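Chemist: Here you go, one structure.
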Amino acid sequence: MYRRKLFSAMWLTLAVTALHAQDAQIVKFQQEYDQQILGLLKQYCYDCHNQDLTEADLDL
-7 MYRRKLFSAM WLTLAVTALH AQDAQIVKFQ QEYDQQILGL LKQYCYDCHN QDLTEADLDL
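Going by my numbering, the first residue of the sequence shown is number -7, and it counts up by one from there.
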């Protein structure tokens, strides 16, 4: 019984750690996207591809 609880606790700890690491990667990706990609889209694309104007049927 003790082994079963220990094994379950170990897996739970591993799962929580993995989820936390994944959250950190998502936050890092979002920050990089906002800094690098979003700026380019705003500068070069949103004037012609937006809700009001969809040039070439592309709405960003």
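Cβ atoms here follow ideal geometry from the backbone N, Cα and C, with glycine treated the same way. Values in this document were obtained by computation on a predicted structure and should not be read as measured data.
#1: Check whether the Cβ atoms of L32 and H41 lie closer than 8 Å to each other.
#2: Could you give the first and the last residue of the continuous alpha helix (DSSP H) run that contains Y36?
#3: Please report whether the beta-carbon of L33 lies at a distance below 8 Å from any beta-carbon of chain B.
Modeler: Let me lay it out:
#1: Residue mapping note: residue 32 aligns to position 40 of the sequence shown, counting from 1. Residue mapping note: residue 41 aligns to position 49 of the sequence shown, counting from 1. No, the Cβ-Cβ distance between L32 and H41 is not below 8 Å.
#2: Locating residue 36 in the sequence shown gives position 44, counting from the first residue. Segment 30 to 36, the alpha helix (DSSP H) holding Y36.
#3: Looking at the structure shown, chain B is missing, and only one protein chain is on hand.
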